[in-house]
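Protein chains: 2
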Amino acid sequence: MEPFNDPQFADIEAAARRIAPHVRRTPVLSSVELSGRLGVVVEFKCENLQQAGAFKSRGASNAVFALPAETAPRGVVTHSSGNHAAALARAAQRRGIPAYIVMPRGAPRIKRAAVEGYGGQVTECDPTLAAREAAAAALLAETGATLVHPYDDPLVIAGQGTIALELTGETTPPDAVLVPVGGGGLLCGTALALERLWPGTRVIGAEPAGADDAYRSFTTGRLHPQTNPHTIADGLRGALSARTFRLARAHVDAIVTVTEAAIIEAMRLLFEGLKVVVEPSAAVPVAALLEHQVVARRVVVVLSGGNVDLDALPWVTGAAPLR
Amino acid sequence: MEPFNDPQFADIEAAARRIAPHVRRTPVLSSVELSGRLGVVVEFKCENLQQAGAFKSRGASNAVFALPAETAPRGVVTHSSGNHAAALARAAQRRGIPAYIVMPRGAPRIKRAAVEGYGGQVTECDPTLAAREAAAAALLAETGATLVHPYDDPLVIAGQGTIALELTGETTPPDAVLVPVGGGGLLCGTALALERLWPGTRVIGAEPAGADDAYRSFTTGRLHPQTNPHTIADGLRGALSARTFRLARAHVDAIVTVTEAAIIEAMRLLFEGLKVVVEPSAAVPVAALLEHQVVARRVVVVLSGGNVDLDALPWVTGAAPLR
């Protein structure tokens, strides 16, 4: 056994078998013009076209369908207002078990609607981390349900690793694979899979400069908390956990940071050049290419999600870059 | 030989072989939630993800690569300010021959930029049909190039038919396949292919009520001109030609019309529910589903293109429905 119960390559293979009926094999798209604009040959693994609009469906489905038959009926709990919440509600609905989702009061109506659309039961709490954790703890005690953390969970990390597993059957090894970094679940799952399957390919995380805990932790070798995150990339405001920090240090090649202006420009480039809808977080690796943070001739970018408010696209609202 | 030199099924097969190196095999996407919203199981053949952002790359590539070696070097001509112009310029560039594109003064800068980005040579003219045709005739006389009409051309129609040919290898026969109708190239190519391959599947054209020449021609059996088209679906303002009218009457099952409000709603549904960027014309068949114009349990919609001004999305600008 590995110390810490960290996920292994075999766990990613098991996850792929487990979640196959519940998630979509997403297409790999590219555009000659977009590659030209970015100065590097780029292919995109389109998890924005995944079920529930984000890669989170993979990790959540893996955690839900790995639950033992005895405990599963009591359901699952998470505290998240983002894509993980909707993905967990969807997976629970498919297994026929309850999903209890703790959300801060004032979370966007569209996010709550997504959770409820999949039959998730929302509990509101005050918008502080302490209140969220207290509400989740109370739900766990009351229901006997299982906590499924958005990223600090071996099954969730293994589920996210299935993207890379698929990818290796869909294209040839590039110089680097780029993914956005929030809590690090996608980054670590990708690195674990590719270390085995494409050992010559670098795995690089891209993070907003305004929420750069992973960059600081990775480069200093000491886990930094996320303090006052300030970015349009709402999916990337979380912080590495002790587990994802350890895995990232062991398996990831680099973490780079990008400006808010580059995120918005990248988002628009993806709408225009690839004809897909992406949320700001998904544009962060492309922002890293725009800002020449990655030296490579050919890369694959994982587009993490497409859940964005179409009434408030940043180039329309004229949202000033935050940094 | 068929009278009129109309395209045959074998011409579509030949087109598929000819254009394979020059176009993309586009993905078929679907969304359980979107099907639920539309009340019918829908799959989408995503030609908005085609090269140059529209299905027009198929017909244009077929016409350009079918040119005999003797005449090809003199190039190709068209008068169009839309997706066909960019597609023709791209195909000509790939064959290494000139493309002369007649565009009305005042055409959107973005459309001219797309043509020039593929090396097309733009000639401006007054914004009337007579001026366009005169300018094209002058260019043809001067250069000895070949005219490639956007739809009134057997090779172009056969090229558009390759979408349906691909589709039959990608899913099972639905009750109906829905495509937008402008000049009728896509509609007739699709109908010719499916009559052979999926004889039990209806082929239905969807047209804006504000540009309903095809509907009127199809239902009355007499070719009506397009008079004063008035629709946000800028790709569908053309009219059937004698050829596409004849082919539609012989091979198409129905043509339905939709309101402007439904087009805008459908466009937004596709952005939100399918996470793809579509132009208004591509949303027209989905508008027909919203307006219950098609009785079916399962359909495939061809999403025709994704070239849209992202600064002027109709739900953002609050464009009042035109009808």
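Here the protein sequences line up with chains A and B, keeping their order. Per this note's numbering, the first sequence starts with residue 1, numbered consecutively. Per this note's numbering, the second sequence starts with residue 1001, numbered consecutively. Note that beta-carbon positions come from the ideal geometry of N, C-alpha and C, so glycine has one too. If you're wondering where the values come from, they're calculated on a predicted model, not measured in any experiment.
Interface flag, residue i vs chain B, CB-CB below 8 Å
i, result
"Gly-53 (chain A)", "yes"
"Leu-49 (chain A)", "yes"
"Pro-21 (chain A)", "no"
"Gly-318 (chain A)", "no"
C-beta atoms of residue i and residue j nearer than 8 Å
i, j, result
"Ser-991 (chain B)", "Ala-1114 (chain B)", "Past the edges of chain B, shown from 1001 to 1323, lies residue 991 (chain B), and the structure says nothing about it."
"Arg-1243 (chain B)", "Ala-1211 (chain B)", "no"
"Val-40 (chain A)", "Leu-269 (chain A)", "no"
"Ala-1248 (chain B)", "Leu-1187 (chain B)", "yes"
"Val-1028 (chain B)", "Thr-1171 (chain B)", "yes"
"Val-1302 (chain B)", "Thr-1190 (chain B)", "yes"
"Ser-1061 (chain B)", "Asp-1152 (chain B)", "no"
"Asn-83 (chain A)", "Lys-56 (chain A)", "yes"
"Leu-384 (chain A)", "Ala-63 (chain A)", "Nothing about residue 384 (chain A) can be read from this structure; chain A reaches only from 1 to 323."
"Ala-1287 (chain B)", "Ala-1266 (chain B)", "yes"
"Gln-226 (chain A)", "Ala-239 (chain A)", "yes"
"Glu-47 (chain A)", "Ser-304 (chain A)", "yes"
"Val-284 (chain A)", "Pro-180 (chain A)", "yes"
"Ala-1086 (chain B)", "Asp-1175 (chain B)", "no"
"Arg-112 (chain A)", "Asp-126 (chain A)", "no"
"Val-32 (chain A)", "Val-177 (chain A)", "no"
"Ile-1264 (chain B)", "Pro-1229 (chain B)", "no"
"Leu-197 (chain A)", "Val-203 (chain A)", "no"
"Glu-124 (chain A)", "Pro-208 (chain A)", "no"
"Gly-185 (chain A)", "Gly-59 (chain A)", "yes"
"Ile-1101 (chain B)", "Ala-1089 (chain B)", "yes"
"Ala-92 (chain A)", "Gly-117 (chain A)", "no"
"Thr-1149 (chain B)", "Thr-1257 (chain B)", "The sequence given here has His at residue 1149 (chain B), not Thr. Result no, Cβ atoms of His-1149 (chain B) and Thr-1257 (chain B) do not sit closer than 8 Å."
"Tyr-215 (chain A)", "Ile-157 (chain A)", "no"
Short CB-CB distance (under 8 Å) between residue i and chain A
i, result
"Pro-1154 (chain B)", "no"
"Leu-1322 (chain B)", "In this prediction, Leu-1322 (chain B) has a pLDDT of 47, which is less than 50 and means its spatial position is unreliable; what the coordinates show is noted afterwards. It does not; no Cβ of chain A falls within 8 Å."
Contacts that residue i makes with chain B (C-beta to C-beta distance below 7 Å)
i, result
"Leu-139 (chain A)", "Chain B residues near Leu-139 (chain A): none, gap ~26 Å exceeds 7 Å."
Chain-ordered chain B contacts of residue i [CB-CB under 9 Å]
i, result
"Leu-88 (chain A)", "Simply none; closest approach about 16 Å."
"Leu-29 (chain A)", "Arg-1024, Pro-1027, Leu-1049"
Terminal residues of the alpha helix (DSSP H) in which residue i lies
i, result
"Val-284 (chain A)", "280-290"
"Phe-1044 (chain B)", "Segment 1041-1046 is the beta strand (DSSP E) holding Phe-1044 (chain B); no alpha helix (DSSP H) there."
"Tyr-100 (chain A)", "Careful: Tyr-100 (chain A) lies outside any alpha helix (DSSP H), inside the beta strand (DSSP E) at 99-104."
"Ile-163 (chain A)", "162-167"
"Arg-268 (chain A)", "260-269"
"Leu-1140 (chain B)", "1129-1143"
"Ala-1086 (chain B)", "1083-1095"
"Arg-950 (chain B)", "Absent from the model: residue 950 (chain B). The displayed extent of chain B is 1001 to 1323, so no value can be given."
"Lys-1111 (chain B)", "1109-1117"
The beta strand (DSSP E) enclosing residue i, as first and last residue numbers
i, result
"Thr-123 (chain A)", "121-125"
"Pro-1007 (chain B)", "Careful: Pro-1007 (chain B) lies outside any beta strand (DSSP E) and carries neither H nor E."
"Ser-30 (chain A)", "28-30"
"Pro-1180 (chain B)", "1176-1180"
"His-1079 (chain B)", "1076-1079"
"Leu-1194 (chain B)", "From DSSP, Leu-1194 (chain B) is part of no beta strand (DSSP E) but of the alpha helix (DSSP H) over 1185-1197."
"Asp-1204 (chain B)", "Per the sequence presented here, residue 1204 (chain B) reads as Ile, with Asp not at that position. Note, Ile-1204 (chain B): beta strand (DSSP E), 1202-1208."
"Arg-298 (chain A)", "298-303"
(request) Report the residues of the region 1260-1294 of chain B with a CB closer than 7 Å to any CB of chain A, ordered along the chain. (result) Arg-1268, Phe-1271, Glu-1272, Lys-1275, Val-1276, Val-1277
(message) Which residues of the region 1302-1315 of chain B have a Cβ closer than 8 Å to any Cβ of chain A? Give them in chain order.
(response) Gly-1306, Leu-1310, Asp-1311, Leu-1313, Trp-1315
(message) For the region 174-195 of chain A, list every residue whose C-beta sits within 7 Å of some C-beta in chain B, in sequence order.
(response) none
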